[in-house]
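Just so it is clear: in the sequence shown, position 147 is 1047 by our numbering, and no numbers are missing.
Quick reminder that beta carbons are idealized off the backbone N, C-alpha and C, glycines included.
Read the structure below first, then the notes.
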Amino acid sequence: MDKNFYITTPIYYPSAKPHMGHAYSSIIADFFARFKKIDGFSVFFLTGTDEHGLKIQRAAEQRNLDPLELCDQISQTFKDLSKTLNLTNTDFIRTTEERHKKSVKYLWKELKKNDDIYLSKYSGWYSVSDEAFYNENEIENVDGKKIATSSKSSVEWVDEESYFFRLSKWQKPLLEYYKNNPNFIQPESRKNEVISFVESGLKDLSVSRKSFSWGIKVPDDENHVIYVWLDALTNYISALNYPDIKNQLFKRYWPASIHLIGKDILRFHAIYWPAFLLAAKIKLPEKVYGHGWILSGEEKMSKSKGNILDPLEIIKIYGLDPLRYYLIKEVSFGNDGNISQNKLEDCINSDLANNYGNLCQRVVSFAVKNLKSKIPKKIKFEDEDIKILDNYKNNINKIRSKIDENDINFYIDFIINSLFAANKYFNDQEPWKKKEDTVRLNTIVYTTLEIIRKISFMLYPIIPGTSLKALKIFDINENEINFSSIEKHDNLKPESKINSIDILFRKIEKFDD
Ligand code: MSP
């Protein structure tokens, strides 16, 4: 089995500081990266910033900055955010880096060499905010202004010489590819949108602009810059040192296991990107997953709408892990989700503090008091112990395949149910009444501690900081977390020390209106 896993986030525009939508894409990607890592995969996790194009050039002009100066500043805030979110990204790519420019130019030449690029003229609508060309039927008139129906962003008329990519030529091969690789576009509902768009006919795509200069110059034609999406998408291979396809990184990690993106940019990833790759005779990524939007009210959060929730402020108030947990759990993956502080507080109180934190705290306190802070030696499992422990073993392969199907909801539900079951088990077994029966008392505590270990392993991809704090109970460190060990029951070493831990989550006081 191939034990390499390559996951990417979209590369973000450094035109404004990061918001919750960006944090969401990154946190979800980190969840998958961490899960695969603890499941024995060699993981490459890429994120970065998308720094060329008219959107960035205009943002810089507005601030009286040179575009690169603006990119340096804001790209740094995205890098800082990666740290703040505790992302395990292997690399952070900026499209203004030489390594990237080199790849893009090479790819362009390949496309040109294969006769997939030709010079003509573009007349049509363009949205600078989306960096996208739109057909007449994708545009509407609102209050005398032309906007793109899908994104609601304003469009302007462009009339200029442009290089075109022969996208139309790839319509059939793309449809064929979707058919032969039914999991390529996920989730299913969005896949159908893409397929019907492709079936309705693909027009050749304008892939250069002449009326501004902030971009990578077209090889052999300095008057044009390469269309920012052709430039940006290439980041996924430039980070693996394309065109050096014989190097270890490329050999190991390409094709990508999954490009995780927002649904707004599915067309670029599920149509244009695979078409470029087909034309350049490069393998296609295994999967493109378009997640839903974080909404604020009913609208997608974005700077131009002025409804941004700042992830840094939320983290300052509640801490990082509650935010990670909340976004992963409450936004049903694949769908849009509203975010509210009220629900975040409920998550902290019920799932994190009551269910998980409390379980760890009470079992450890009990063990410290009654078992001299040592993992008990003499134990004898009864049916009810084996039953609760076996639930992990019985589900381990299902959990793995659900993760491969990107079913985060299943993963979270499994954890929440396991926490309930563990708390119930400890209550029902009443170890405090078993002080005369040492073996039984030992076994109950051992079983519950073993469950805490298993659940903390499973929580590591979601709330890594807290999971590590909890695993201090057993002196287990990050490198020792191993998903496959949740099926074994004999992990805790008899006689080894049980450490007390600080409270994991403080409950938030909520006042009814
Ligand atoms: N630069 C392009 C992507 C190029 S990838 C080769 C871009 N950047 S972006 O900064 O505008 O947004 C990137 C991604 O951020 C979106 O696709 C989505 O994944 C995420 N989000 C931005 N706003 C969002 C929400 N309100 N909700 C959830 N995610 C959203 O597009």
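Counting only the same chain and skipping the five closest in sequence on each side, list residues whose C-beta sits under 6 Å from that of residue i.
i     : result
K1229 : I1312
L1149 : L1140 and N1141
D1375 : none
L1105 : F1065 and L1067
K1334 : R1340 and L1341
N1399 : K1372 and I1373
A929  : I907, T909 and L1160
Y912  : H922, T949 and F978
L1259 : A1322 and N1323
Once you ignore the five residues that flank residue i on each side, which residues in its own chain have a CB closer than 7 Å to its CB?
i     : result
V1055 : W1025, Y1026, S1027, Y1034, I1039, K1046, I1047 and A1048
I1126 : V1004, W1008, V1107, S1108, G1115, I1116 and V1118
K903  : G940, F941 and S942
I1315 : I1355, M1358 and L1359
R963  : L970
L968  : T996
L1368 : E1378
K917  : I974 and T977
W1173 : L1133
Quick one, which of the options has its alpha-carbon nearest residue i's?
i     : options                       : result
S1396 : R1300, I928 and V1268         : V1268
I1351 : P1331, G1365, A1321 and E1336 : A1321
N1037 : K1407, S1100, S1111 and H922  : S1100
E961  : S1113, L985 and V1042         : S1113
I1171 : I1194, F1097 and D1210        : F1097
R1353 : Y913, W1057, N1382 and V1094  : N1382
S975  : L985, R994 and N964           : R994
F905  : K1324, F944, N1297 and K1333  : F944
L1021 : K1052, L981, F1065 and E1031  : Note on identity: in this sequence residue 1021 is Lys, with Leu being the wrong assignment. Comparing Cα positions, the closest option is F1065.
L1133 : F1176, N1147, H1124 and S1111 : F1176
N986  : Y1218, Y1226, P1364 and I1403 : P1364
C1247 : V1058, E1409, H922 and S1400  : E1409
P1394 : S1385, T1347, K1369 and P1361 : T1347
N1123 : E1284, S1111, T984 and D1337  : S1111
A933  : G953, T908 and P918           : T908
K1002 : E1213, D1131 and K1388        : D1131
W1154 : N1135, K1163, F1168 and N1379 : N1135
N1254 : I1403, H1389, I1214 and E1010 : I1403
L1212 : Y924, P910 and K1293          : Y924
Y1226 : Y1256, K955 and I1239         : I1239
S1196 : S1265, M920, K955 and S1023   : M920
Y1018 : E1061, Q1261, N1081 and W1193 : E1061
K1181 : T990, D1390, P1073 and Y913   : P1073
L965  : T988, S915, E998 and L946     : S915
T1343 : H1389, S1138, K1302 and L1319 : H1389
I1214 : L946, T947, K937 and T984     : T984
In this structure, what does DSSP give as the bridge partners for residue i?
i     : result
E1040 : I1047
V943  : F905
E1056 : Y1026
T949  : Y912 and R994
E1061 : K1021
G1219 : G1219 is not bridged to any residue.
K1397 : K1274
G1237 : I1194
F1033 : Y1026
For residue i, which residues of its own chain have a beta-carbon under 8 Å away from its beta-carbon, when the five flanking residues on both sides are left out?
i     : result
K979  : F992
D1413 : Bear in mind that the predicted position of D1413 carries a pLDDT of just 41, short of 50, making it too unreliable to give a figure here.
K1012 : P1119
L1166 : I1085, R1090, E1093, V1094, V1188 and G1190
S1273 : A1267, K1397, I1398, N1399 and S1400
P1087 : Y1189, G1190, G1234 and N1306
Y1006 : Y1142 and P1143
L1075 : I1095, V1098 and E1099
V1263 : F1326, V1345, T1348, L1349 and I1352
S1384 : D939, G940 and I1296
Query raised in the report: At what residue ranges does the segment 971-1014 contain a whole run of the alpha helix (DSSP H), taking only runs of 4 or more?
Result: 998-1013
Query raised in the report: Which residue spans inside the segment 1080-1126 form an unbroken alpha helix (DSSP H) run of at least 4?
Result: 1088-1099
Query raised in the report: Whole alpha helix (DSSP H) runs in the segment 1111-1195 with 4 or more residues, listed along the chain?
Result: 1128-1133, 1135-1138, 1148-1153 and 1173-1179
Requested in this report: Please specify which runs of the alpha helix (DSSP H), each continuous and at least 4 residues long, are wholly inside the segment 1322-1350, giving them in chain order.
Outcome: none
Requested in this report: Output the residue ranges of the alpha helix (DSSP H) runs that lie fully inside the segment 1252-1314 and measure 4 residues or longer, sorted by chain position.
Outcome: 1258-1270 and 1283-1304
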